[in-house]
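To convert, note that position 247 of the sequence shown is 249 in our numbering; the numbers rise steadily by one, no gaps. For every residue, glycine included, the Cβ atom is placed at its ideal position computed from N, Cα and C. Take a look at the structure below.
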Amino acid sequence: MPQKTLDPFSGSLDPLAPLSAVGLAKADRPLVPSSPDPVVFLDNVVKRFGDFMAVDHISLSINSGEIFGFLGPNGSGKSTTIRILCGLLRPSAGLGRVYGLDIVTQSEAIKTRLGYMSQRFSLYTDLRVEENLGFFGHIYGLNGVRAQNRIEEVLEIIGLTARRRTLTRELPSGLRQRLALGCAILHQPPLLFLDEPTSGVDPATRRNFWDLIYTLADQGVTVFVTTHYMEEAEYCHRIALIDRGRLIALGSPAELKKNYLHGCIYEVETAEPLTAAEALKSADQIMDAAIFGRTLHVRLPADTEADSYLKPYFTAAGLAAVRIKPIDPTLEDIFVALVGENKENRN
Numbered sequence: 003m004p005q006k007t008l009d010p011f012s013g014s015l016d017p018l019a020p021l022s023a024v025g026l027a028k029a030d031r032p033l034v035p036s037s038p039d040p041v042v043f044l045d046n047v048v049k050r051f052g053d054f055m056a057v058d059h060i061s062l063s064i065n066s067g068e069i070f071g072f073l074g075p076n077g078s079g080k081s082t083t084i085r086i087l088c089g090l091l092r093p094s095a096g097l098g099r100v101y102g103l104d105i106v107t108q109s110e111a112i113k114t115r116l117g118y119m120s121q122r123f124s125l126y127t128d129l130r131v132e133e134n135l136g137f138f139g140h141i142y143g144l145n146g147v148r149a150q151n152r153i154e155e156v157l158e159i160i161g162l163t164a165r166r167r168t169l170t171r172e173l174p175s176g177l178r179q180r181l182a183l184g185c186a187i188l189h190q191p192p193l194l195f196l197d198e199p200t201s202g203v204d205p206a207t208r209r210n211f212w213d214l215i216y217t218l219a220d221q222g223v224t225v226f227v228t229t230h231y232m233e234e235a236e237y238c239h240r241i242a243l244i245d246r247g248r249l250i251a252l253g254s255p256a257e258l259k260k261n262y263l264h265g266c267i268y269e270v271e272t273a274e275p276l277t278a279a280e281a282l283k284s285a286d287q288i289m290d291a292a293i294f295g296r297t298l299h300v301r302l303p304a305d306t307e308a309d310s311y312l313k314p315y316f317t318a319a320g321l322a323a324v325r326i327k328p329i330d331p332t333l334e335d336i337f338v339a340l341v342g343e344n345k346e347n348r349n
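Structural data, given as structure tokens:
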């Protein structure tokens, strides 16, 4: 029997179906935009707060139905960019359009076409699940039978039908995040902004949440999502890497790994990765090094023979059992390298 899938506009989710049934491998398929014009367009957008440059001449465009990841460390300008696109902040300079509407002069018209899930949980914890949905439905102008029908659909989409009478404060964090998403999609927006939507939840819950995001994209919803989880970026069709307000890379996960990394990555397996990292501080050919769990990732110039170059440093540090092997770069490797280069360029 074929597995039912989520439908954010008809509420056709089988409540017993596992959310992970929606395949995350879809990120690799080509996009077919429903319109020749981008949904989101930014050209040299700047946002200053006094002398501080929060957004530094960012330019990008996003297609219809695309899951677009905005990746960067805390304080890099991700949330500020979202607030500009939502019409909550006025840019200091530059041009921006959402569905062809100017982000400065037509911001009120833009707001009717988007849903926004903020980084901080912003629902009323003393209301029941369905009461929060009803409250947001009223804000969006949904009333009567229309509102109730849509609430029923959304409860199915987010898998909270059985919890509809539960007080929001009694929900686990992962279910609170689902409820926040439900409130953001209640009015069926074609564009969805998710600001760190899985912050503070466990990996399994994050995976389930991304199944919901994929389902929305399958229905033509354009999703702009910020995150600092590198593994989540793999689920996006395209990613923009941002650091200190600057866009430092843009492309699909595969394109970033292919085009933005100079040199080769090696994985160093050792019982003492911190000692190994310390031992390499004086190695002048190290382009960058970062600890990954119990291993160390080291980037070297392509013409460097890793074993003969690295092992003397480890031997001098008293590390006997060290294994070195070349590996394909991860997005985190790319990000570490590009952030380092951006820092050097600024200095």
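C-beta atoms of residue i and residue j nearer than 8 Å
i	j	result
Thr82	Val106	no
Arg148	Leu162	no
Ile329	Tyr268	yes
Thr217	Arg208	no
Arg301	Asp290	yes
Val227	Leu196	yes
Leu249	Ile60	yes
Thr170	Leu125	yes
Gly96	Val48	yes
Glu271	Thr306	no
Ser94	Arg50	yes
Local Cβ density within 10 Å of residue i, reported as buried at 16 or more and exposed below that
i	result
Leu193	buried
Asn65	buried
Met70	Residue identity differs from the one stated: residue 70 is Phe in this sequence, not Met. The residue is buried, with at least 16 neighbouring Cβ atoms inside 10 Å.
Asp245	buried
Arg234	Reading the sequence as shown, one finds Glu at residue 234 and not Arg. Buried is the call here.
Pro331	buried
Asn134	buried
Asn151	exposed
His264	exposed
Ile215	buried
Pro355	Lying outside 3 to 349, the shown extent of the chain, residue 355 is not represented and no answer is given.
Asn145	exposed
Ile293	exposed
Phe138	buried
Ala304	exposed
Thr317	exposed
Thr127	exposed
Residue i versus residue j: straight-line alpha-carbon distance, rounded
i	j	result
Gly136	Arg130	10 Å
Leu276	Tyr311	19 Å
Arg99	Gly89	11 Å
Leu91	Ala256	33 Å
Asp220	Asp213	11 Å
Gly184	Ile160	6 Å
Glu198	Thr229	5 Å
Val203	Ile241	22 Å
Leu359	Glu334	No statement about residue 359 is possible, as the shown extent of the chain runs from 3 to 349 and does not include it.
Pro191	His140	15 Å
Pro40	Glu68	10 Å
Leu87	Leu62	12 Å
Gly295	His189	42 Å
Arg167	Ile187	20 Å
Tyr315	Asp309	10 Å
Val42	Cys238	16 Å
Tyr262	Ala251	8 Å
Arg206	Ala182	According to the sequence as given, residue 206 is Ala; it is not Arg. One C-alpha to the other measures close to 18 Å.
Val338	Leu282	16 Å
Asn210	Gly176	9 Å
Asp45	Tyr142	30 Å
Glu172	Glu158	19 Å
Cβ distance (whole Å) where residue i is taken to contact residue j below 8 Å
i	j	result
Ala273	Ala323	7 Å
Leu73	Leu243	5 Å
Gly247	Met55	5 Å
Ile153	Glu132	6 Å
Hey, which unbroken runs of the beta strand (DSSP E) at 3 residues or more fall wholly within the stretch 28-116? 42-51, 54-64, 69-73, 95-100
Just list the alpha helix (DSSP H) runs in the stretch 205-244, keeping only unbroken ones of 4 residues or longer that don't cross its boundaries, in chain order. 205-220, 232-235
Runs of beta strand (DSSP E) wholly within the stretch 262-338 (minimum 3 residues, chain order): 266-271, 290-294, 297-302, 325-329
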